[in-house]
Amino acid sequence: MVHVWIDTHCHLDAPEWGQLHGVVSAERERAHDAGVGLCVLPSVNVAGFEAVRALAHEAGDAYALGIHPLFVPQADEADLDALDAALLAHRDDPCLVAVGEIGLDFFVPELCTPAMRERQWRFYRAQLALAQRHGLPVILHVRRSADWLLKGLRQCPVMGGIAHAFNGSDVQAQAFVDRGFKLGFGGAMTFDAARRLRHLAQTLPLSAMVLETDAPDIPPQWLYVTAAERAAGRAQGINGPSQLTRIGAVLAELRGLAVADVQRQTTVNALEALPRLQGLLATVG
Ligand SMILES: [Zn+2]
Numbered sequence: 011m012v013h014v015w016i017d018t019h020c021h022l023d024a025p026e027w028g029q030l031h032g033v034v035s036a037e038r039e040r041a042h043d044a045g046v047g048l049c050v051l052p053s054v055n056v057a058g059f060e061a062v063r064a065l066a067h068e069a070g071d072a073y074a075l076g077i078h079p080l081f082v083p084q085a086d087e088a089d090l091d092a093l094d095a096a097l098l099a100h101r102d103d104p105c106l107v108a109v110g111e112i113g114l115d116f117f118v119p120e121l122c123t124p125a126m127r128e129r130q131w132r133f134y135r136a137q138l139a140l141a142q143r144h145g146l147p148v149i150l151h152v153r154r155s156a157d158w159l160l161k162g163l164r165q166c167p168v169m170g171g172i173a174h175a176f177n178g179s180d181v182q183a184q185a186f187v188d189r190g191f192k193l194g195f196g197g198a199m200t201f202d203a204a205r206r207l208r209h210l211a212q213t214l215p216l217s218a219m220v221l222e223t224d225a226p227d228i229p230p231q232w233l234y235v236t237a238a239e240r241a242a243g244r245a246q247g248i249n250g251p252s253q254l255t256r257i258g259a260v261l262a263e264l265r266g267l268a269v270a271d272v273q274r275q276t277t278v279n280a281l282e283a284l285p286r287l288q289g290l291l292a293t294v295g
């Protein structure tokens, strides 16, 4: 039952996939052939709720509902009510596994003004409260914001979840683990130059880690095309969930483990972080 890979974070509804519906389903098919049994599709705004739900149902995948910090500037209070209503309406949907993607982004300059930090904090807190009320784990966007995210979790504890694209300190990693979280690792870890992140990937307990592609963002090293190469006409390869197994192989190499062991353990970890995946996995077989 746990012999498949799980991509715990991919945005298959992102506009980068283009309007052609076939591109996404072809990529999902490739991922399936590569052994990726399940994908988790987080939403980024209310307008995208139906798209992630439909895509997840089409492929037997999982989805999460939430308002992403990068979309907080355009969101309003009514969106929080819409999220509450959607979580209630789909509470018995086995494909709904978490509240996400929510969190705080203290990297993007426009989001770092005092007013915008305050607004992000308010949306984050409100969404934690919704996760608590609906008994769901959360998928967190962490960017220069780990300590603030942890502060929110202390004030409003949830059942756990995933700190996605984690790139913090050992102490922050442990604090998330202590709160029932797993840490998401993906394409960023595949770059030779990502020394600190690779060190983290080598030293954290494997039991704390889950894998993700964050598709179509964060391409792995083998798909990355430099600005100079792009100028010379080479297209950026599209990062999709089919890349997950190769990302898993990089983690296995970094840790000196067999790929099969990394696959098995990260899948078990994903099921711990997002318990509702259990029911979906049973149907994947
Ligand atoms: Zn994301």
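The sequence shown lines up with residues 11 to 295 when you count with my numbering. Glycine included, every Cβ here is placed at the ideal spot set by N, Cα and C. Remember, predicted model here, so these are calculated numbers, not experimental data.
Task: Start-end ranges of the alpha helix (DSSP H) lying completely within the region 27-115, minimum 4 residues - done: 31-44, 59-69 and 87-99
TODO: Compare the C-alpha of residue 103 against each of 67, 125, 80 and 112 and name the closest.
DONE: Taking the first residue of the sequence shown as position 1, residue 103 is located at position 93. Of the listed residues, the one whose Cα sits closest to residue 103 is 67.
Task: With 16 other Cβ atoms within 10 Å as the buried cut-off, status of residue 122 - done: Here residue 122 is taken as the residue at index 112 of the sequence shown, counted from 1. Per the 10 Å Cβ criterion, exposed.
TODO: Mind reading off the beta-carbon distance from residue 79 to residue 130? Whole number of angstroms is fine, and I expect it under 8 angstroms.
DONE: Working through the sequence shown from its first residue, we reach residue 79 at position 69. Working through the sequence shown from its first residue, we reach residue 130 at position 120. About 5 angstroms; that satisfies the 8 angstroms criterion.
- [ ] Compute the minimum distance between the beta carbon of residue 26 and the heavy atoms of ligand 1, and state whether it is under 8 angstroms.
- [x] Taking the first residue of the sequence shown as 1, we reach residue 26 at position 16. Checking the Cβ of residue 26 against ligand 1 gives no.
Open item on the list: Here's the rule: buried if 16 or more other CB atoms are within 10 angstroms of the residue's CB, otherwise exposed. What is residue 87?
Closed with: Here residue 87 is taken as the residue at index 77 of the sequence shown, counted from 1. Under this definition residue 87 is an exposed residue.
Task: alpha helix (DSSP H) runs wholly inside the region 193-228, at least 4 long, in chain order - done: 205-213
TODO: State the CB to CB distance for the pair residue 7 and residue 277, rounded to an integer number of angstroms; the pair is presumed to be in contact (CB under 8 angstroms).
DONE: As shown, the chain starts at 11 and ends at 295. That puts residue 7 outside it, with no answer to give.
TODO: Starting from the Cα of residue 187, find the closest Cα among 205, 168 and 203 and give me that residue.
DONE: Start at 1 with the first residue of the sequence shown, and residue 187 comes out as number 177. Nearest option by C-alpha distance: 168.
TODO: Determine the burial state of residue 209: buried for a count of at least 16 other Cβ atoms within 10 Å of its Cβ, exposed for fewer.
DONE: In the sequence shown, the residue the question calls residue 209 occupies position 199. The residue is exposed, with fewer than 16 neighbouring Cβ atoms inside 10 Å.
Open item on the list: Could you tell me the alpha carbon to alpha carbon distance between residue 219 and residue 149, rounded to whole angstroms?
Closed with: Looking up residue 219 in the sequence shown gives position 209. Looking up residue 149 in the sequence shown gives position 139. Approximately 14 angstroms, taken between the alpha carbons.
TODO: Inspect the CB distances between the region 237-248 and the region 180-200 and report whether three or more fall short of 8 angstroms.
DONE: no
- [ ] Specify whether the region 50-59 and the region 69-79 touch according to this definition: at least 3 beta carbon pairs, one from each stretch, less than 8 angstroms apart.
- [x] yes
Open item on the list: Considering only heavy atoms of ligand 1, does any lie closer than 8 angstroms to the CB of residue 52?
Closed with: As a working note, residue 52 is residue 42 in the sequence shown. For ligand 1, at least one heavy atom lies less than 8 angstroms from the Cβ of residue 52.
Task: With 16 other Cβ atoms within 10 Å as the buried cut-off, status of residue 65 - done: Counted from its first residue, the sequence shown places residue 65 at position 55. Residue 65 comes out buried.
Open item on the list: Tell me which residues share the same chain as residue 98 and place their Cβ nearer than 8 angstroms to its Cβ, disregarding the 5 neighbours each side in the sequence.
Closed with: As a working note, residue 98 is residue 88 in the sequence shown. So the qualifying residues of the chain are 144.
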